[in-house]
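**Q** Can you read through this structure? Questions will come right after.
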Amino acid sequence: MQLKSQRRLAAQLLKVGKSRVWFDNDRLEEVKEAITKKDISGLINDLAIQARPKTGISGFRRRKKALQKRKGRQQGPGSRKGTFNARKPSKSDWMARIRLQRKLLKTLREKKIINPKFYRVLYRRSKGGFFRSRRHVLLYLAEQGVFKNIKKETPKQEKI
Numbered sequence: 106m107q108l109k110s111q112r113r114l115a116a117q118l119l120k121v122g123k124s125r126v127w128f129d130n131d132r133l134e135e136v137k138e139a140i141t142k143k144d145i146s147g148l149i150n151d152l153a154i155q156a157r158p159k160t161g162i163s164g165f166r167r168r169k170k171a172l173q174k175r176k177g178r179q180q181g182p183g184s185r186k187g188t189f190n191a192r193k194p195s196k197s198d199w200m201a202r203i204r205l206q207r208k209l210l211k212t213l214r215e216k217k218i219i220n221p222k223f224y225r226v227l228y229r230r231s232k233g234g235f236f237r238s239r240r241h242v243l244l245y246l247a248e249q250g251v252f253k254n255i256k257k258e259t260p261k262q263e264k265i
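Residues 106 to 265 (my numbering) make up the sequence shown, in order.
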């Protein structure tokens, strides 16, 4: 039973592709006799011809891959597109480090643990990349004897 023209007209009226047009098997004779758009339209209203629902894309593989990535898998050299700096920018790393160091120096100056002149020296060293981290600044200050004149407090005891 050839229903090519009916399928084409129905697809046009339903505004879907030909593959999504569905004919009721019990009313195929009626569909075969329908040759005009008006006939097809009537059958669509009678639900003898319907549009199948869209088939979506399964998210299973996407979710599975996301789970593996959460576990730390699939990060090998074959999966990498950008350079190391593109994946983990050294600038953002630097910004995080320098902000912590400057915040520490500012609190030390406000608490009068270091004088403004020494603050300026430390600030410049921090800017020049002398200190590796916030902890390194504290170690350097402990070596310089900054914390000796404060009531026997070590950098660990005082949460700065």
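For glycine and all other residues, C-beta sits at the position ideal for the given N, C-alpha and C.
1) Tell me, which residues are paired with F128 by DSSP?
2) When every heavy atom of the ligand FMN is checked, does at least one fall within less than 6 Å of the C-beta of G233?
3) When burial is assigned at 16 or more other CB atoms within 10 Å of the CB, is G187 buried or exposed?
4) Pair every Cβ in the region 118–128 with every Cβ in the region 145–156, then say whether three or more of these pairs are closer than 8 Å.
5) What's the gap between the Cα of I140 and the Cα of I162?
6) Pull up the distance between the alpha-carbon of R185 and that of R192, whole angstroms please.
7) I need the straight-line Cα distance from K232 to S238, nearest angstrom please.
8) Just the C-alpha distance for G181 and V136, rounded to the nearest angstrom, thanks.
9) Helix or strand or just coil, what does DSSP make of V121?
10) Checking 7 Å against the spacing of the C-beta atoms, do V242 and L209 come in under that value?
11) Are A156 and R112 closer than 7 Å when you measure CB to CB?
12) In or out: F189 buried (at least 16 other Cβ within 10 Å) or exposed?
13) Quick one: residues in its chain with C-beta nearer than 7 Å to the C-beta of E258, no 5 flanking neighbours on either side, listed in chain order?
14) Can you say whether Q249 is buried or exposed, counting buried as having 16 or more other CB atoms within 10 angstroms of its CB?
**A** So, from the data block:
1) Looking at the DSSP assignment, F128 forms a beta bridge with I154.
2) Questions concerning the ligand FMN fall outside what the structure shown contains, since it holds no ligand whatsoever.
3) With fewer than 16 other Cβ atoms within 10 Å, it is exposed.
4) These segments touch.
5) Approximately 35 Å, taken between the alpha carbons.
6) Straight-line Cα distance between these residues: approximately 9 Å.
7) In this structure, the CA atom of K232 is about 12 Å from the CA atom of S238.
8) Cα-Cα distance, rounded: 58 Å.
9) Reduced to three states, the DSSP call for V121 is coil.
10) Taking the C-beta atoms as reference points, L209 is found nearer than 7 Å to V242.
11) Going by C-beta atoms, A156 is not nearer than 7 Å to R112.
12) F189 is exposed by the Cβ-count criterion.
13) At E258 the pLDDT is 48, less than 50, meaning the model places this residue with poor confidence and gives no usable figure here.
14) By the neighbour-count rule (16 or more Cβ atoms within 10 Å), Q249 is not buried but exposed.
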